[in-house]
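K.L.:
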Amino acid sequence: MLERLELEGVGPGPRLSFTFKPRLNLLTGDNGLGKTFVLDLAWWALTEHGFSNEVPALPRPDWKGRPRVKATVSGRHGSEELSCSVPRVKPEEVSLVPSNSGLTIYARVDGGFSVWDEVRNDWQRERPSLPSYEFSQDELWNGLSQDGRTLCNGLIRDWVSWQIRGSEPFQRLKRVLDVLSPGVGEPLSPGEPTRTSIEDVRDIPTLQMPYGLVPLTHASAAVRRIVGLAYLLVWAWEEHVRAARLLRTPTADHVVLLIDEVEAHLHPRWQRLILPSLLDVVRALQENVPVQVIAVTHSPLVLASIEPRFDESQDALFMFDLVGNEVKVTQADWRPRGDANAWLTSEVFDLKEPRSVEAEQAITQAKAALKNPSLPVEEVRRIHNELHRLLKDTDPFWPRWLARAEAAGIDP
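Per this note's numbering, the sequence shown runs over residues 1105 to 1516.
1) Taking just the CA atoms, how far does T1176 sit from G1182?
2) List the endpoints of the continuous beta strand (DSSP E) containing R1441.
3) Considering Cα atoms alone, identify which of A1473, P1314, E1185 is closest to G1289.
4) Can you tell me where the alpha helix (DSSP H) with K1168 in it begins and where it stops?
5) So which of P1126, E1110, E1112 has the shortest CA-CA distance to H1358?
6) What whole-angstrom Cβ distance do T1298 and L1317 have, given they're in contact under 8 Å?
7) In the DSSP assignment, find the alpha helix (DSSP H) that holds A1326 and state where it starts and stops.
8) Tell me the DSSP secondary structure of K1278 in three-state form.
9) Does the beta-carbon of T1151, which I'm using as the reference point, lie nearer than 7 Å to any heavy atom of the ligand MN?
10) Counting contacts by CB-CB distance shorter than 8 Å, is W1245 in contact with chain D?
11) For L1370, I'd like the list of residues in its chain whose CB is within less than 7 Å of its CB, leaving aside the five on either flank, ordered along the chain.
12) State the beta-bridge partners of S1189 as determined by DSSP.
13) Ordered along the chain, which non-local residues of its own chain (more than five positions away) have a Cβ less than 6 Å from that of L1405?
14) Taking three-plus beta-carbon pairs below 8 Å as touching, is the region 1479 to 1491 in contact with the region 1430 to 1438?
15) Which whole-angstrom value is the C-beta distance of A1368 and R1329, which I expect to be below 8 Å?
16) Just curious, the alpha helix (DSSP H) that V1359 is in, first and last residue?
17) Within a Cβ cutoff of 7 Å, which residues of the same chain sit near P1380, ignoring the five residues on either side of it in sequence?
18) Where R1172 and W1266 are concerned, what is the direct C-alpha to C-alpha distance, given to the nearest angstrom?
19) With 16 as the cutoff for other CB atoms within 10 Å, does L1495 come out buried or exposed?
20) Could you check what DSSP says for W1285 in three-state terms: helix, strand or coil?
21) Can you tell me where the alpha helix (DSSP H) holding N1489 begins and where it ends?
22) Tell me the DSSP secondary structure of T1132 in three-state form.
23) Are three or more beta carbon pairs between the region 1391 to 1406 and the region 1240 to 1255 nearer than 8 Å?
24) Provide the residue span of the beta strand (DSSP E) that contains F1217, from first to last.
25) For the region 1366 to 1434, list the alpha helix (DSSP H) runs that are entirely contained and at least 4 residues long, ordered along the chain.
26) Buried or exposed, going by whether 16 or more other CB atoms sit within 10 Å of the CB of D1214?
27) Taking just the CA atoms, how far does S1285 sit from L1256?
28) With C-beta atoms as the reference, is W1339 less than 8 Å away from D1262?
29) Using only the alpha-carbon positions, how far apart do R1349 and N1225 sit?
30) Using alpha carbons as the reference points, say which of L1491, L1137, P1503, D1144 lies closest to L1106.
31) Figure out for me which residue from L1448, R1346, P1165, Q1312 has the closest Cα to the Cα of P1273.
32) Using alpha carbons as the reference points, say which of N1129, F1124, G1138, L1111 lies closest to F1424.
33) Can you tell me which of the three DSSP states S1265 falls into?
34) What's the gap between the Cα of T1449 and the Cα of E1457?
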């Protein structure tokens, strides 16, 4: 697992450091402040598997010292330190190749995935042409090959093959899909494979929806992303166990899941479930295998959904903020807000009002009017009319305003 990541002279801030917790780590903040960049560096730190790949970072032009990335990775062998200058000039500038990476999966926001397996990729250590498994969205569904070798059959072929044989991987896949489903009434339940075209002889997996069978190739973007994640988790674990058995080595004692924009494409109802589901999903693969999640989110619903489970001894929330011309990252003191609106107006998202921009401006003017009893009646009336146009009759701001309107002789 990734315990610590330190950046000096690289990235959006001169010095950034993260002390990650063993279970859930959430990165949030405005766009363009470096959250995906940190995920990329976390992937590099966990999977530094040879000397052919460069650190995914560039030195800051204003940095006077030696730009460096440092990381602490832990596992069954204890804690190990990794340190590398940027840019790296010589192979020996990496002080240690970590051996504690376990099974690491990176779900990218473009639908692609990366997989690092301490058993399979360590075995490939002298074959740098395959430092890790890198899937585009198309390769995830249709198969991954390299130099004439089939590395992965892909979701479509594996799903149908597992289903026809009634194999244990298919039972795992069903359990994972059930955990990741959007709700009790909408299970991600596999149906019978079907053909979708006379020009494609493959049988295509389907999902049994309330309105009928839907081929996965015709499913929505949200379903495709979650189904792809479910398949990749099952495939990576299944192949890891098989490789460990063949090489007579222990299986991974933990799984690390990096996921960018965990709420991407998801309906709010599904956003409320996705993080708790991810914390449970590894149990559907193998009991007693800890999972560390490092995820980027912009969703107040995602943060509200984790309140009942958040444990500061196991979980952390990191906020990215632009202060002047530099990005600062702080680990937030966890405080439940109760609902998504309260999260929106907290320091995490920093909105003044959980409303439209026009409504926010009108309420800002109204709050100023509440403090100014000498404001001309015409101005009070204008503000009142604007509030009436923009706010519902049940809006909680009305009780604060109506007394001011009545004092100005305005009929509410």
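Every residue, glycine too, gets a C-beta built ideally from N, C-alpha and C.
P.N.:
The structure says:
1) 10 Å
2) Taken as a continuous stretch (DSSP letters only), R1441 belongs to no beta strand (DSSP E), as it is neither H nor E.
3) Selected option, being the one with the closest Cα: P1314.
4) Per DSSP, K1168 belongs to no alpha helix (DSSP H) and is neither H nor E.
5) P1126
6) Between L1317 and T1298 the Cβ distance is about 7 Å, and since that is below 8 Å, they are a contact.
7) 1325 to 1351
8) helix
9) With respect to the ligand MN, the structure offers nothing, as it holds no ligand at all.
10) The structure shown contains no chain D; it is built from a single protein chain.
11) A1326, I1378
12) Here S1189 is bridged, per DSSP, to R1172.
13) P1372, Q1375, R1376, A1444
14) Remark: fewer than three beta-carbon pairs, one from each stretch, lie closer than 8 Å, so the region 1479 to 1491 and the region 1430 to 1438 are not flagged as touching.
15) 7 Å
16) V1359 -> not in any alpha helix (DSSP H); beta strand (DSSP E) instead, spanning 1359 to 1363.
17) S1409, I1410, R1413
18) Put simply, the backbone Cα of R1172 is about 46 Å away from that of W1266.
19) Only buried fits L1495, as 16 or more other CB atoms lie within 10 angstroms of its CB.
20) Looking at the sequence itself, residue 1285 is Ser, so the reference to Trp does not match. Residue state, collapsed to three classes: coil.
21) Segment 1481 to 1494, the alpha helix (DSSP H) holding N1489.
22) strand
23) no
24) 1217 to 1221
25) 1372 to 1389, 1404 to 1409
26) exposed
27) One point to set straight first is that residue 1256 is Cys, not Leu, in the sequence displayed. When rounded, the distance between both Cα atoms is 25 Å.
28) Against a cut-off of 8 Å, the Cβ pair of D1262 and W1339 comes out as a contact.
29) 15 Å
30) Shortest Cα-Cα distance from L1106 to any of L1491, L1137, P1503, D1144 involves D1144.
31) R1346
32) G1138
33) Residue state for S1265 is assigned as helix, using DSSP reduced to three classes.
34) 6 Å
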